[in-house]
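Those sequence lines, one after another, are chains A and B. Counting from 1, one number per residue, gives the positions in the first sequence under my numbering. Counting from 1001, one number per residue, gives the positions in the second sequence under my numbering.
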Amino acid sequence: MTKRLVYLFGIAGHAELSPAMRAVEADGWEIVVPSVPGFDGVAGFQPRDEYLDWLTTFWDSIDATGAVPCPVVGASVGGLFAAELAALRPEAVTGVALLAPFGIADGANPGFNLYGTPGPERMAHLFAKDVPDAFANRFAHLGPEEAPVASYLSDVAAANILWPLGDRGVAKRLHRITAPRLTLWGDLDEVNPVTNAASWGGAEVVAGAGHLLEWDAPDQVSTALITFLDSLDLSSLGR
Amino acid sequence: MKMMWFHLMPYPKLPDDFNTKHHSVWVDIDPALFDRDVMAETYDTYIDQLVYAEDCGFDGICVNEHHNNGYGLMPSPNLIAAILANRTSQAAITVLGNSVALYNPPIRVAEEFAMLDLFSRGRLIAGFPVGTAMDTAHSYSMNPGTLRPRYYEGIDLIMKAWTATESFAFNGRFNQQRHVNPVPRPWQQPHPPVWIPGGGSVETWDYCAANDFVYGALTYYGYKMVRETVAGYWARVAAHGKDDNPHRLAVTQFIGVADTDAEAYKLYREPAEYFFNRSLHVYPGFTDAPGYITEASVRARYKSQVRQVARSKQMKHDLTWDEMVDNGYVVIGGPDTVREQLEEAARELRIGHLCAMLQFGNMNDELTRYNTNLFGEKVAPGLRNLFSEYPDPWWPQNAR
């Protein structure tokens, strides 16, 4: 059986595999990362009219990989769509790992207002530690005029999904998730506070990690992911 | 040139330490700063000033829409315009305007503007701004990525509703209505003149040029800082094969007139400093939202060093009075000095509609009326005939 999973990246887009996901890869897992319009910074991106359009976009991107059914790991915004996939298309998901997923917000504690912050300052609020080079220089190869445009488009895509609080009504669909589930959350998450984990039925809290916890705490996150993924019944994959 | 009196309606009692003790004048301003008695009295005073502007000969009086804002107390400009329509008889009632995407359904704007046009017997100018990021995305939480298509669709719906001769169905991307049939329809036929206030986006220039709408370069930083924006607009007008009639353009300008240049320098310093260094204390994170600016405009912004420098300068909030004057943020002086500067600006930028802001910051009622009266008596007559050789099809049918 091929150990294959789909990885759905977080709010800052996919720069490269995180140290945690590289460890999962080293454990023998093939990691398939769908390409999603907007997050790639490619010119010409048009925001979607409504959330259903984003679900369609993600479904199209995931299905284009030919990887599902399989386990799905989703971080942040990717966690939102991983949860939706598990809830709405349970036949496609044999296990789901969610890293600080968006989708359920608490009006009493909405978290740090990332998009009410100047663009150049946003990235620092996604990590408890220094911003990794992969994100700090993500579009640098495009040059000084086009790099900020690409970065802006990636933000446009994420904001278009999450505006204004990141609540997409997932709480009403959680009961439909029947696949084995792992939920991890950084205790220093500014933008999606760890207090939101209760709405997801609880989470394993990762100490010293911010929102993109797979970068802040690679050892803890990869250990939890590998343990979870290796516990799944791969025979059910049919591959 | 048409001259109009534009009121922002600022709250006049922000504390001296507002810049250092408060986060932002917009979006999350502390509601405890607003005293209800001051608020109520301020509305009375400001409405009276707008009426007084008509008495002083201004061609139009202008109001606009802001939300969660300490220098713009009109979340509903239509309420103020309704009073003005009733208390005036000649001035154009200029609402600049209603942020169409914030109204659900946007047909509400068609209805209320039609009412205003009837109240005023055909003196309404219908303004349709996108609305700032602070108003739309941050205060009203409209998704910035869909704001503009919602806005364009809303205007399309309103224009169809105003001109349709029977009820129709509208099946848009964001709005679906089985029966579009607003009652009333406007006094002006086929519809009131449409003005589009803008901040410099390429799309808005094209939109105005393509649809023959007036472009309103609404700036707080005066005619010198808006040169680049206006040049971009006129270039797009030409690209669309349209004429260069100056009445296609409106520009805002803070103005302070006194008997002498020295007197003006002394009189208008405090209200200008209040406005630029206190009222414009907007947290930079609120001035944009991902998706609010289109990709084309973002690309243009990063390619325009001039605009970047200008923006950083404007954000610093420790402008000196001399900087404000030298940079043209405020045009001040005796009547001749002001007239000469405005004429030079009008000729250079081809400004057919001047939106004069003669009350700003914490300027009191006495000084506001002095300024308004002097402008009306001694400045306006020397400017009125500018561009008189051009027709103005964007002026209300029954305004002076």
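For each residue, glycine too, the CB sits at the ideal point set by N, CA and C. Remember, it's a predicted structure, so these values are computed and weren't measured experimentally.
When you compare only the Cα positions, how much space is there between residue i and residue j?
i: A/Val73; j: A/Lys3; result: 13 Å
i: A/Gln220; j: A/Glu190; result: 19 Å
i: A/Ser35; j: A/Pro101; result: 19 Å
i: B/Leu1050; j: B/His1179; result: 37 Å
i: A/Ala136; j: B/Val1331; result: 44 Å
i: B/Leu1267; j: B/Leu1374; result: 14 Å
i: B/Val1379; j: B/Asp1028; result: 39 Å
i: B/Met1009; j: A/Leu153; result: 36 Å
i: A/Ala86; j: A/Trp29; result: 20 Å
i: B/Phe1387; j: B/Leu1249; result: 12 Å
i: B/Leu1102; j: B/Met1074; result: 14 Å
i: B/Arg1236; j: B/Ala1209; result: 7 Å
i: A/Ala75; j: B/Pro1106; result: 37 Å
When DSSP builds the beta bridges, which residues end up paired with residue i?
i: A/Ile31; result: A/Leu5
i: A/Arg22; result: In DSSP, A/Arg22 forms no bridge with anything.
i: B/Thr1132; result: DSSP output for B/Thr1132 lists no bridge partner at all.
i: B/Pro1197; result: B/Gly1216
i: B/Thr1094; result: B/Cys1062, B/Ile1125
i: A/Thr183; result: A/Leu98
i: A/Leu103; result: The sequence given here places Gly at residue 103 of chain A; Leu does not occur at that position. According to DSSP, which records beta bridges pairwise, A/Gly103 is partnered with A/Asp167.
i: B/Phe1113; result: Beta-bridge pairing links B/Phe1113 to no other residue.
i: B/Asn1171; result: B/Gln1176
i: A/Ala75; result: A/Leu99
i: B/Trp1026; result: B/Asn1069
i: B/Ile1332; result: B/Gly1256
i: A/Val206; result: A/Gly186
What did DSSP end up calling residue i once you bin it into helix, strand or coil?
i: B/His1353; result: strand
i: B/Tyr1220; result: coil
i: B/Asn1403; result: Residue 1403 of chain B cannot be examined here, being either before or after the span of chain B that is shown, 1001 to 1400.
i: A/Leu174; result: helix
i: A/Gly201; result: coil
i: A/Asp133; result: helix
i: B/Gln1253; result: strand
i: B/Lys1002; result: strand
i: B/Pro1393; result: coil
i: A/Ala12; result: coil
i: B/Asn1143; result: coil
i: B/Val1306; result: Per-residue confidence for B/Val1306 stands at a pLDDT of 46, beneath the threshold of 50, marking its modelled position as unreliable; no derived number is given.
i: A/Cys70; result: strand
i: B/His1179; result: strand
i: A/Val42; result: coil
i: A/Val36; result: coil
i: B/Gly1232; result: helix
i: B/Val1325; result: helix
i: B/Trp1187; result: coil
i: A/Ile62; result: helix
i: A/Val191; result: coil
i: B/Leu1386; result: coil
i: B/Ile1155; result: helix
i: A/Val93; result: strand
i: B/Val1282; result: coil
i: B/Met1074; result: coil
i: B/Cys1056; result: coil
i: A/Gly238; result: With a pLDDT of only 42 at A/Gly238, under 50, the local geometry of the prediction cannot be trusted, and the value read off the model is given with reservation. Correct three-state label for A/Gly238: coil.
For chain B, check one thing: does any of its Cβ atoms lie closer than 7 Å to the Cβ of residue i?
i: A/Tyr51; result: no
i: A/Ala108; result: no
i: A/Gly201; result: no
i: A/Ala159; result: yes
i: A/Pro164; result: yes
i: A/Thr57; result: no
i: A/Gly116; result: yes
i: A/Tyr152; result: yes
i: A/Pro37; result: no
i: A/Asp155; result: yes
i: A/Pro120; result: no
Can you confirm whether residue i, when its beta carbon is compared against all beta carbons of chain A, has any partner nearer than 7 Å?
i: B/Val1306; result: In this prediction, B/Val1306 scores a pLDDT of 46, lower than 50, which makes its location untrustworthy; no coordinate-derived value is stated.
i: B/Thr1146; result: yes
i: B/Ala1289; result: yes
i: B/Val1298; result: yes
i: B/Pro1284; result: yes
i: B/Arg1173; result: yes
i: B/Asn1373; result: no
i: B/Pro1141; result: Note on residue identity: the sequence assigns Ser, not Pro, to residue 1141 of chain B. Yes - at least one Cβ of chain A is within 7 Å of the one on B/Ser1141.
i: B/Tyr1302; result: yes
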